[in-house]
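The structure appears below as structure tokens.
Chains as they are written, first to last, in the working numbering: chain U, 132 to 405; chain C, 70 to 171.
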């Protein structure tokens, strides 16, 4: 548990068991894994990419976003800037001062871009899964998505039905998401977030990898992302949906490590086993 | 070995109660208890437990790496006994190798 930006954030670190990543001048970036909004927690990264990254030699930081998992849940303060402030304060509290490799799932990727727009000199690379930078079209879709979840869960029997279809733990999580949406202003604040100026986003110069599920609507944003950040490598995993990170961790891992080697000149070959 | 496991199981039970807080059941935790089905622990609770174990046993056990190596499906089926055995083995190995090494 780490105190940052006035709240307590549930944080986990995985230190590399072996030597640091090779083949690069300058210090090894710290990998920071940022999960998605509403029903997500650091678990989606912890059980997929965290250990492989740390074994490859990256000091790895995971945290639960405010309102999520085991972090504090203030009633308000859920605009993009609040999440970016949390990340900056967390890194300061952890004394992480070197370059960063930011990985974000869904809206976690948007937080990564938001951080990079404010601190471009800190970010050595960005990987997003099913995400986009904070641009109006993506925020419109986030608004719709949140509204749909917020309307569905409080309905009588909705959580029970999830329990019948997907088990007790899934029902617990759905109930938790419903509590979060009713106890906070996230549903209203997040889609109405002030956005970084387009030129600040366009000035992000680091390598970018954007992964999408071929059957997810989010992939429709890929052309706009590439127009904004031409260095972006886009990879589409066929037949996959928004939950591609937890549904296809091996393929995500392979694509991320290939990109790290090719676009970031990081020697991560030692880590591709298991 | 058996008594070492008993001690670890007792330790682990205390930490599970601390992680679950108000949601802890009164049920007895055994080697066959599953985290997900029996204890109703979500994956995030397992991570919180991993953090506590890392604090308790340090790098000797490398517990976070053990847990993080599991995938989400395996975590759902994880039994308390698997963790107890992993801890017991790591501690025994550390004793053999001697202090100061992993």
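Glycine residues also receive a C-beta, built at the ideal position from the N, C-alpha and C atoms.
What you are looking at is a predicted structure, and each value in this text was computed from that prediction instead of being measured.
Residues of the stretch 117-130 of chain C whose Cβ lies closer than 7 Å to any Cβ of chain U, in chain order: 117, 120.
When the five nearest sequence neighbours on each side are left out, the beta carbons in the same chain lying within less than 7 Å of the beta carbon of residue 352 of chain U are those of 263, 268, 269, in order along the chain.
Only residues of its own chain outside the window of five on either side were considered, and among them 248 have a CB closer than 7 Å to the CB of residue 331 of chain U, listed in chain order. Linking residue 122 of chain C to residue 165 of chain U through their CA atoms gives a straight-line distance of about 23 Å. By the Cβ rule, the stretch 347-362 of chain U does not count as touching the stretch 378-388 of chain U, because fewer than three pairs are nearer than 8 Å.
At a cut-off of 7 Å, the C-beta of residue 80 of chain C has no neighbouring C-beta in chain U. Taken in chain order, the complete beta strand (DSSP E) segments of 3 residues or longer contained in the stretch 230-309 of chain U are 231-236, 254-260. Closest option to residue 206 of chain U, judged by alpha-carbon separation, among U:231, U:312, U:375: U:312. Considering only U:169, U:172, U:132, U:184, the residue with the shortest C-alpha distance to residue 145 of chain U is U:184. The DSSP assignment places 182-186 as complete runs of the alpha helix (DSSP H) inside the stretch 156-187 of chain U, in order along the chain (cut-off: 4 residues). Look at the stretch 137-150 of chain C: the residues with a C-beta under 8 Å from a C-beta of chain U are 137, 138, 139, 140, 141, 144, 145. Closer than 7 Å to the CB of residue 105 of chain C there is at least one CB belonging to chain U. Assigned with DSSP and collapsed to three states, residue 138 of chain U falls in strand. Note that the stretch 223-238 of chain U touches the stretch 170-180 of chain U; at least 3 beta-carbon pairs, one per stretch, sit closer than 8 Å. Straight-line spacing of the CA atoms in residue 163 of chain U and residue 192 of chain U works out to 5 Å. Scanning U:274, U:252, U:148, U:195 for the CA closest to the CA of residue 134 of chain U turns up U:195. As DSSP reads the structure, residue 344 of chain U sits in a beta bridge with U:368.
The residue from U:261, U:310, U:335, U:226 with its alpha-carbon nearest to that of residue 375 of chain U is U:261. Rounded to the nearest whole angstrom, the C-alpha separation of residue 142 of chain C and residue 300 of chain U is 12 Å.
With respect to residue 167 of chain U, residue 238 of chain U sits close: the two C-beta atoms are nearer than 7 Å. Among the CB atoms of chain C, none fall inside 7 Å of the CB of residue 309 of chain U. Within the same chain, Cβ atoms closer than 7 Å to the Cβ of residue 346 of chain U are found at 370, 371, 372, the five residues on either side in sequence being excluded.
The three-state secondary structure of residue 149 of chain C, taken from DSSP, is helix.
Taking CB atoms only, residue 161 of chain C has no neighbour in chain U less than 7 Å away. Look at residue 381 of chain U here: in three-state DSSP terms it is helix. Here the stretch 250-260 of chain U does not lie against the stretch 271-290 of chain U, with fewer than 3 beta-carbon pairs under 8 Å apart. Rounded to the nearest angstrom, the gap between the Cα atoms of residue 244 of chain U and residue 279 of chain U is 25 Å.
Residue U:215 holds the alpha-carbon nearest to the alpha-carbon of residue 246 of chain U among U:215, U:266, U:256, U:258.
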